[in-house]
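Report on the structure given below.
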Amino acid sequence: MPTLRRTSVLLVTSALAVSTTATVAQASSSARQGNKAIAAPMVSARGWTKSQFGCLSRLWTRESNWNHRAHNRHSGAYGIPQALPGGKMASAGRDWRTNPRTQIKWGLTYIKKRYGSPCGAWAHFHSRGWY
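Per mature numbering (1 follows the signal peptide of the UniProt record, and there is no 0), the sequence shown runs over residues -27 to -1, 1 to 104.
This is the structure in structure tokens:
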């Protein structure tokens, strides 16, 4: 009987873990799509084309998968644009840790100043492995 009970607990625990993982994955996918939807008009407002948004999408998919809570434990980079250190994004708003709009705003400003455009940043990333 103890073996049967232990096996039952393991099966229930495993089922809960799988169920929880699926829910988190769905929520993350929804958040990623929402973060891209926030970015699209911000890119357009800067006069950048859909092609530029495509470069940005590829860049930030590689960097953070559009996760506004992404944190690189090795480097300390944080957020959608993987700012290093993450605290740099405070210049765009005090809510930089939790607000995707603030992170996107900071990231677009950084890209404009440093590379001129998202495709410029993507080309740099492609040639050097970082931006």
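Just so it is clear, CB atoms sit at the ideal spot from N, CA and C, and this is done for glycine as well.
Predicted model only: the values in this text are computed from it and were never measured.
Which residue wins for smallest C-alpha separation from residue i, given the options the options?
{"i": "K9", "options": "I84, G59, L29", "result": "L29"}
{"i": "S1", "options": "S24, S37, F26", "result": "S37"}
{"i": "S3", "options": "R101, A94, R35, N40", "result": "N40"}
{"i": "S102", "options": "Y83, R35, R67", "result": "One detail in the question is off: residue 102 reads as Gly in this sequence, not Ser. Among Y83, R35, R67, the Cα nearest to that of G102 is on R35."}
{"i": "T71", "options": "W95, A43, S24", "result": "A43"}
Keeping to the same chain, check which residues put their C-beta closer than 7 Å to that of residue i; ignore five residues upstream and five downstream.
{"i": "A63", "result": "W69"}
{"i": "H97", "result": "Y88, Y104"}
{"i": "P73", "result": "N8, I11, H41, I53"}
{"i": "L32", "result": "P91, A94, W95, F98, Y104"}
Leaving aside the five residues before and after residue i along the sequence, list all residues of the same chain whose C-beta is less than 6 Å from its C-beta, in chain order.
{"i": "A65", "result": "T75, K78, W79"}
{"i": "A50", "result": "L57"}
Let's test the definition: count the other Cβ atoms within 10 Å of the Cβ of residue i and tell me whether it reaches 16, buried, or not, exposed.
{"i": "Q6", "result": "exposed"}
{"i": "G52", "result": "buried"}
{"i": "S48", "result": "exposed"}
{"i": "P14", "result": "exposed"}
{"i": "S90", "result": "buried"}
For residue i, which residues in the same chain have their Cβ closer than 8 Å to its Cβ, ignoring the five residues on either side in sequence?
{"i": "V16", "result": "Q25, F26, L29, L81, P91"}
{"i": "K85", "result": "R19"}
I want to check one thing, is the minimum distance from the CB of residue i to the heavy atoms of the ligand SAM below 6 Å?
{"i": "G49", "result": "In terms of ligand content, the structure shown is empty, and the ligand SAM therefore cannot be addressed."}
| query | Between the region 15 to 22 and the region 42 to 61, do three or more beta carbon pairs fall short of 8 Å? | reply | no
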